[in-house]
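The sequence shown runs 227 to 474 under the numbering used here.
Structure, as structure tokens:
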Amino acid sequence: MTSTSQRRAALVTGASRGIGALIAQRFAAAGWDLTLAARSTGPLEELAGRLATDYGSTVRPVASDMAQEDQLRHLAQAHSDSFGRLDALVLNAGMGAIGPFADFPPRRLDKLFAVNLRSAYVLIQQTLPLLRRTAAEHGTARVIAVSSMTGIAGEPLNSAYGATKAALTSLCETLNTEESEGGVLATAVCPGYVATDMTAPLADQVATELMIDPVDVAEVAVSLTRLGGSAVIPQIVMTRPGPHLWRA
Ligand SMILES: NC(=O)c1ccc[n+]([C@@H]2O[C@H](COP(=O)([O-])OP(=O)(O)OC[C@H]3O[C@@H](n4cnc5c(N)ncnc54)[C@H](OP(=O)(O)O)[C@@H]3O)[C@@H](O)[C@H]2O)c1
Numbered sequence: 227m228t229s230t231s232q233r234r235a236a237l238v239t240g241a242s243r244g245i246g247a248l249i250a251q252r253f254a255a256a257g258w259d260l261t262l263a264a265r266s267t268g269p270l271e272e273l274a275g276r277l278a279t280d281y282g283s284t285v286r287p288v289a290s291d292m293a294q295e296d297q298l299r300h301l302a303q304a305h306s307d308s309f310g311r312l313d314a315l316v317l318n319a320g321m322g323a324i325g326p327f328a329d330f331p332p333r334r335l336d337k338l339f340a341v342n343l344r345s346a347y348v349l350i351q352q353t354l355p356l357l358r359r360t361a362a363e364h365g366t367a368r369v370i371a372v373s374s375m376t377g378i379a380g381e382p383l384n385s386a387y388g389a390t391k392a393a394l395t396s397l398c399e400t401l402n403t404e405e406s407e408g409g410v411l412a413t414a415v416c417p418g419y420v421a422t423d424m425t426a427p428l429a430d431q432v433a434t435e436l437m438i439d440p441v442d443v444a445e446v447a448v449s450l451t452r453l454g455g456s457a458v459i460p461q462i463v464m465t466r467p468g469p470h471l472w473r474a
């Protein structure tokens, strides 16, 4: 570790596009420094450069595949070396896959679990000493996981994806029971359909303009960092307007 930054610092996964890129932009606008992770180096470096120019943030892009444990360890170390503090760990990287349960390939389930859940588990473990230290010195440190409505209530075709998100939401709950007294607070943000690349293939079933705006998900995620540590918020459910409160 070089030195501890005076500015708050976040590590955002899945920052190359969609919700993650918007979360990164909002942190930079609020004066934070950032480590950004995703596989696509081009978009990641472009975003890092833009945020540094527009907001004066120090932004470190670290190309990482969430399915590779050695890359997760490297990512956590790279953030620690760069900033020496971690005020928010945003576990946003994720992949979707739908299909009838009856013939959903278990190999796809394994991949979904690796990217959507196991990466979060390992990254929290790897960064927990830094999260604890940041909380001790500055009051709070937050884990913000972008989970899903499909992890709150089951939906057809989402047996695998929904299970990974239910597990991610559960992980946030348990983390609070063990760590919140020390100031490390976890929240699972659980939206229904959000208009991003991930849901583009569903546009013939749900019009894009009827989906949640990714800007609103980013705002909710970053707004958690404006709170003190007096309340634990284990999950936030975000649903689309209309009669189906608990459906994606
Ligand atoms: N869109 C929705 O309706 C919706 C609803 C509820 C929850 N969510 C969740 O919101 C999060 C963000 O999704 P989004 O809608 O913004 O989707 P998106 O536009 O497809 O973005 C997904 C992000 O995750 C990264 N990613 C995917 N696989 C990865 C891997 N193996 N290693 C590293 N990074 C990986 C992608 O970067 P690279 O491809 O460059 O690696 C990208 O930055 C996900 O966790 C998703 O499950 C989405």
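Just so you know, even glycine gets a beta-carbon here, dropped at the ideal spot from N, CA and C.
- The three-state reading of DSSP puts R359 in helix, counting H, G and I together.
- Annotated as proximal: A263 and T239, with beta-carbon spacing under 7 Å.
- Sequence-distant Cβ neighbours of T353 in its own chain, meaning closer than 8 Å and more than five residues away, are L237, A302, H305, S306, L312 and L315.
- In this structure, the CA atom of I350 is about 18 Å from the CA atom of V448.
- The stretch 240 to 293 contains, as complete alpha helix (DSSP H) runs of 4+ residues, the segments 244 to 255 and 267 to 281 (chain order).
- With contact defined as three or more Cβ pairs closer than 8 Å, the stretch 401 to 418 and the stretch 452 to 472 are in contact.
- About 7 Å separates the beta carbon of W472 from that of I378, a gap short enough to meet the 8 Å contact definition.
- Short note on V369: C-beta not closer than 6 Å to any heavy atom of ligand 1.
- Considering only P382, A250 and L436, the residue with the shortest C-alpha distance to P326 is P382.
- DSSP assignment within the stretch 308 to 361 yields the following whole beta strand (DSSP E) runs of 3 residues or more, N-terminal first: 314 to 317.
- By the criterion of at least three beta-carbon pairs nearer than 8 Å, the stretch 352 to 367 is in contact with the stretch 396 to 412.
- At the C-beta level, T390 and L343 come within 7 Å of one another.
- The secondary-structure analysis by DSSP pairs P417 across a beta bridge with M464.
- When only Cα atoms are considered, L248 and D280 end up about 14 Å apart.
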